[in-house]
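Numbered per the numbering used here, the sequence shown spans residues 6 to 521. Just so it is clear, CB atoms sit at the ideal spot from N, CA and C, and this is done for glycine as well. The structure presented is a predicted model; accordingly, all values stated were derived computationally and were not measured. First comes the structure, then the notes that go with it.
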Amino acid sequence: MTVRIILSVPFFCLIIFGNLIAQRVEVKWGEDKDAAKIKASGLIGRDTSGFYVYRLNRHHDSYIRIDAYSLNDYNRQQTLHIDLPVLGKRATQFERVFLLNHHFLLFTSFLDLENNQHLAFASLLDKQGNYIKAMVPVDKIEDVTNHKNAGHFAFRLSPDSSYLMAFHNTPFRRYQNTSFSVKLFDASLNPLWQRMFRMPYPDEDFEVVTAIADNQQNVYMVCRHHGRGAMRGAEAGANKKYTLIQYSHLDRRLTEFEINLDSKWIHSARFSLTNDSTLVAAGFYSGSSQGNIAGTFLVRFNIRSGDVVNHGFEPLPRDVMIAVTSNDELLYGGLASFEMKHMLVRPDESIVLIAEKDYVTTSSFFDPYTGQRLITYNYHYDDVLVTSLSPEGLLEWARVLPKSQISANDPSLYGSIAVNQYADKTYIVFNDHPANANMVRQPGQVRTLSNYTRAAAVIATIDRKGKMTTEALFSSGDFDAILRPDFSSEHQNARQIIYGESSGKDKFGEIFYPEN
């Protein structure tokens, strides 16, 4: 069964302006900094006893370190040194780790070129780091001939954490049709079912972006169509259509939803299960294949009946677009260099889409002493675009948060943003130039932050009606470390863990968001 959706463009757009209002959040952190020879790589999760962080020095290391921290004082309580499982004489490679039912669920992989295969394993550990189940095979990619084209694995938990899904794209093979595999396990790593899907699309034109598992053993594969001859690359490369494939294993039913924006191009999209019967797709569209943002779209599916509940498709207000770009760029379909970072679903099922201007420039000069031409790569993280869509897909408002960050020859760990949605308010946390504290922010007029050791942490608050204000997250003397926004993976909580670094040490804390 195929459901085709052709959306049309309305001729008007609603945007609401308002006065600035102050919003207060509370910030707490540990008194002492914790010595850290290995920087924190990511947050595993939290439970009633605390939160857990993993550290990986290099991607090919044979171990990971897991630290447990208290939620009372944010200081380290325990450190676990976890040796990764070994196959033959080589350690497997770290992929991901989850906190699941008071256990750690560790995923590793092993590239076996002697047998032309790429293997994935799952291991279950207790909170003391002891293996309960080790190296349970969860996926395999066959006919792998080299490490540059070995395919890749991904792992997802269902919303209630009762099911684990492992899936992969097969290695790229020109002139062959796309295929991918999905396997489902219970929380104890017992296999439930597996399925290989072979699609009627050439491998060079089709890509599985991600997949979602629900609480009833249904899976949803999100696929992009690049179009014949189109370049496969970053999301900004705009695609002609997306396909959502729903597979129900209980009744062996496959349903395909095609999202086609008529004459427009899909710049980026995110998908979310909002309840047991509804899946929402939302994102930005472009007016051309250049991949510039021109507007927003939303499609809401009833996954029980296979029907489209509603959809909306609207252009961005021209005054918002002109504020952050030039008229010349608008000729190429909209805002250039913006990358969609988050889709947040409010309790009333309205949607917040967040995009950031994220791009790289180069500069070069000739060294007369060595005769070499030296190139500097500059990584930019600039203005943030925030849009609000009603449950029906209408564009309620669009806001621009002016900012400017740059780092040279290395993507900065301290650039970009952290995001949270709580009690109908959207919060954006970022490092800023201190001179911007006492000025009215205007796109293109803020000072650029390049020296992150002098950064000031700032929080922007946007309420349900689009009223926005910015203020210091804390005074500069209270947190003598550089905030790492990318660490904050919690996006819709009353409390958000934060992490900072300073001189080889690190420090953890929390942001407490108000109820109203």
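Delimiting residues of the alpha helix (DSSP H) encompassing residue i
| i | result |
| --- | --- |
| residue 326 | 323 to 328 |
Under 9 Å between C-beta atoms of residue i and residue j
| i | j | result |
| --- | --- | --- |
| residue 250 | residue 303 | no |
| residue 457 | residue 432 | no |
| residue 325 | residue 358 | no |
| residue 436 | residue 488 | yes |
| residue 276 | residue 217 | yes |
| residue 53 | residue 71 | no |
| residue 118 | residue 97 | no |
| residue 141 | residue 194 | yes |
| residue 429 | residue 352 | yes |
| residue 291 | residue 316 | no |
| residue 517 | residue 32 | yes |
| residue 190 | residue 171 | yes |
| residue 410 | residue 455 | yes |
| residue 112 | residue 64 | no |
Residue i burial status per 10 Å Cβ neighbour count (16 or more: buried)
| i | result |
| --- | --- |
| residue 513 | buried |
| residue 320 | buried |
| residue 168 | buried |
| residue 505 | buried |
| residue 519 | exposed |
| residue 443 | exposed |
| residue 22 | Below a pLDDT of 50, predicted positions are generally treated as unreliable, and residue 22, at 32, falls in that range; no measurement from the model is reported. |
| residue 377 | exposed |
| residue 397 | exposed |
| residue 509 | exposed |
| residue 533 | What is shown of the chain runs 6 to 521, which leaves residue 533 out entirely. |
| residue 445 | exposed |
| residue 501 | buried |
| residue 135 | exposed |
| residue 81 | buried |
| residue 12 | A caution first: residue 12 carries a pLDDT of 43, below 50, which makes its placement in the model unreliable, though a value can still be read off. With 16 or more other Cβ atoms within 10 Å, it is buried. |
| residue 86 | exposed |
| residue 417 | buried |
| residue 374 | exposed |
| residue 447 | exposed |
| residue 287 | buried |
| residue 186 | buried |
| residue 219 | buried |
| residue 475 | buried |
| residue 371 | exposed |
| residue 521 | exposed |
| residue 503 | buried |
| residue 7 | Note on residue 7: pLDDT 38, under 50, position unreliable in the model; the coordinate value appears next. Classification for residue 7: exposed. |
| residue 403 | buried |
| residue 515 | buried |
| residue 152 | exposed |
Unbroken beta strand (DSSP E) run spanning residue i, endpoints
| i | result |
| --- | --- |
| residue 442 | Premise fails: residue 442 is in no beta strand (DSSP E) and is neither H nor E. |
| residue 145 | 136 to 147 |
| residue 185 | 182 to 191 |
| residue 126 | 122 to 130 |
| residue 449 | Careful: residue 449 lies outside any beta strand (DSSP E) and carries neither H nor E. |
| residue 174 | 168 to 174 |
| residue 278 | 270 to 278 |
| residue 518 | No beta strand (DSSP E) holds residue 518; DSSP gives it neither H nor E. |
| residue 395 | No beta strand (DSSP E) holds residue 395; DSSP gives it neither H nor E. |
| residue 68 | 68 to 74 |
| residue 346 | 343 to 350 |
| residue 475 | 473 to 477 |
| residue 79 | Element bounds for residue 79: n/a, residue is neither H nor E. |
| residue 260 | 258 to 265 |
| residue 302 | 300 to 307 |
| residue 57 | 55 to 60 |
| residue 489 | Run containing residue 489: none; DSSP gives neither H nor E here. |
| residue 315 | 312 to 320 |
| residue 504 | 500 to 507 |
| residue 215 | 211 to 218 |
| residue 31 | 31 to 34 |
| residue 360 | 356 to 372 |
| residue 283 | 283 to 291 |
| residue 410 | 410 to 413 |
| residue 157 | 157 to 162 |
Nearest-angstrom Cβ-Cβ length linking residue i and residue j, presumed shorter than 8 Å
| i | j | result |
| --- | --- | --- |
| residue 61 | residue 46 | 5 Å |
| residue 102 | residue 59 | 6 Å |
| residue 105 | residue 114 | Actually they are not in contact, since the Cβ atoms of residue 105 and residue 114 sit about 19 Å apart, beyond 8 Å. |
| residue 434 | residue 478 | 6 Å |
Inset, instruction - Decide yes or no for the touch test of the region 346 to 365 against the region 422 to 429: beta carbon pairs closer than 8 Å, at least 3 of them. - result: With a cut-off of 8 Å on Cβ pairs, the region 346 to 365 is in contact with the region 422 to 429, counting three or more such pairs.
Inset, instruction - For the region 275 to 291 and the region 362 to 370, state whether three or more C-beta atom pairs, one from each stretch, are separated by less than 8 Å. - result: In short, these stretches do not touch, since the Cβ pair count stays below three.
Legend entry - the region 378 to 390 contacting the region 300 to 319, beta-carbon criterion three pairs below 8 Å: no
Inset, instruction - Give a yes or no on contact between the region 113 to 128 and the region 76 to 93, applying the rule of three or more CB pairs nearer than 8 Å. - result: yes
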